[in-house]
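With the first letter of the sequence shown counted as 1, position 151 gets the number 163 in our numbering; the numbers rise by one all the way through.
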Amino acid sequence: MFKLLILPLFFILTACNLKERNTTIDENVSLYNVIYEFKNMSIGQNYTRLKEEGIVKQVADTEVVDGCLYAETKDENVFYLVFDNKMSTASYQKSKFIGLSVDELKSKIKDLSLIKSAYDDNTYYLQYQFDSYNGVRFYISENKVVEVTYGILDKLQYQEGCA
13 MFKLLILPLF
23 FILTACNLKE
33 RNTTIDENVS
43 LYNVIYEFKN
53 MSIGQNYTRL
63 KEEGIVKQVA
73 DTEVVDGCLY
83 AETKDENVFY
93 LVFDNKMSTA
103 SYQKSKFIGL
113 SVDELKSKIK
123 DLSLIKSAYD
133 DNTYYLQYQF
143 DSYNGVRFYI
153 SENKVVEVTY
163 GILDKLQYQE
173 GCA
C-alpha cells in the first residue's frame, strides 16, 4: 500500500521540478537574447571610427545639435543617437522582443522598471538595467512592445531625439 502512494508522489514532484526548470530556461534564453542584442549595438564606441569603417552613417537631412546627431547602420536596422561622438543609444528595428505583449515581456524578463513618458500620460516604457551604466528600454504602445532601445542609462531618457 505504501508503495502505491510513493509512485504518484514521485511523478508529481518530478513534474513540478520540470516546470520550474523550463521557466528558468525560458527566462535565461530571453535574458540571453537581450544581452546578445545589446552586445551587437556598439554602445559606447567612437562614432567617427565606426563611420570611417563604413559600419554607420549619419542620417540624411539631419544636423549635429549640441554634440548630438542621428546615425544608422548601412542596412537601416539600427538607429542611433550619438552624443559627443559616442554611440549612446541604439533602437533595433528587428529585435526579437518587438510585438510581444507586456505580459509576455514581463514573463520573460524579470526586474523591469516602469517609466512614464514625460510627454504623454498614456505612454510608458519598461526598462531593464544591465549594470549601473547600461540598460534597455522597451517602448510600449497598445500593450505591445513597438520599439527596443539599448543604451547608456542616462541617455535612454533622450530616446525621443536630440534637443
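Cβ atoms here follow ideal geometry from the backbone N, Cα and C, with glycine treated the same way.
On a predicted model such as this, the values are computed, not experimentally measured, just so you know.
Inter-residue Cα distance where the pair is residue i and residue j
{"i": "residue 160", "j": "residue 149", "result": "6 Å"}
{"i": "residue 114", "j": "residue 139", "result": "12 Å"}
{"i": "residue 81", "j": "residue 92", "result": "8 Å"}
{"i": "residue 156", "j": "residue 118", "result": "11 Å"}
{"i": "residue 167", "j": "residue 95", "result": "8 Å"}
Collapsed DSSP secondary structure at residue i in the structure displayed
{"i": "residue 86", "result": "coil"}
{"i": "residue 124", "result": "coil"}
{"i": "residue 119", "result": "helix"}
{"i": "residue 150", "result": "strand"}
{"i": "residue 136", "result": "strand"}
{"i": "residue 114", "result": "helix"}
{"i": "residue 156", "result": "strand"}
{"i": "residue 169", "result": "coil"}
{"i": "residue 44", "result": "helix"}
Given residue i as reference, the closest of the options once Cα atoms are compared
{"i": "residue 136", "options": "122, 154, 147 and 121", "result": "154"}
{"i": "residue 110", "options": "133, 79, 167 and 152", "result": "152"}
{"i": "residue 124", "options": "116, 53 and 73", "result": "116"}
{"i": "residue 177", "options": "107, 45, 71 and 132", "result": "Coverage of the chain is limited to positions 13 through 175, which leaves residue 177 absent and any answer about it impossible."}
{"i": "residue 131", "options": "52, 169, 84 and 49", "result": "169"}
DSSP beta-bridge partners of residue i
{"i": "residue 69", "result": "84"}
{"i": "residue 98", "result": "58 and 95"}
{"i": "residue 163", "result": "101 and 147"}
{"i": "residue 141", "result": "147"}
{"i": "residue 77", "result": "80"}
Contact with chain C by residue i, beta-carbon distance below 8 Å
{"i": "residue 45", "result": "The structure shown contains no chain C; it is built from a single protein chain."}
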